[in-house]
Amino acid sequence: MMQVPARFNAASFFIDRHVDEGRGDKVAFFHDGGTLTYAQLQDLVNRAGNALLDLGVRPEQRVLCLLLDSPEFLATFWGAIKIGAIPIPVNTMMRADDYLYFLDDSRAPVAAVSEPLLAEAAPALAKAKRWRAG
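Counting in our numbering, the sequence shown runs from 3 upward without gaps.
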């Protein structure tokens, strides 16, 4: 049985561990454009986490994830966790008023949105109470 350390980061466990244990070249994710290995996913996660930090996201803040099933979803979701933020994945079939509710309720200072979803999300982004353009 695995002991959970006092300081545990799920992104390190689910992504970095596989690279650290020599499985970096193994497929972690199949998607429409091909595959991602654990090493490629780790790179995307680290880049997304750093981008979130550059946008001012800090531990315990929320990151709204309005993303299609894609490498970008994985990068943003795990990148947020890796920096101590809290990803809020939302259903991509909702409407602008729903997205506005989630933005305001979560107090997310950042939203990652897949380009095809911007038309529906844009009104919510414009009206959100705590939204910071960056």
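For glycine and all other residues, C-beta sits at the position ideal for the given N, C-alpha and C.
| Asked | Found |
| --- | --- |
| Grab me the residues of S116's own chain with a C-beta within less than 6 Å of its C-beta, minus the 5 sequence neighbours each way, in chain order. | L69, L70 |
| Span of the alpha helix (DSSP H) holding F79? | 73-84 |
| For H33, I'd like the list of residues in its chain whose CB is within less than 8 Å of its CB, leaving aside the five on either flank, ordered along the chain. | D71, S72, P73 |
| Can you name the start and end residues of the beta strand (DSSP E) that G36 belongs to? | 36-39 |
| Return the chain-ordered list of same chain residues with a C-beta closer than 7 Å to the C-beta of L54, the five sequence neighbours on each side being excluded. | V65, G81, A82, I85, A87, V112 |
| Drop a sphere of 10 angstroms on the beta-carbon of L38, count the other beta-carbons inside from all chains shown, and report buried for 16 or more, exposed for fewer. | buried |
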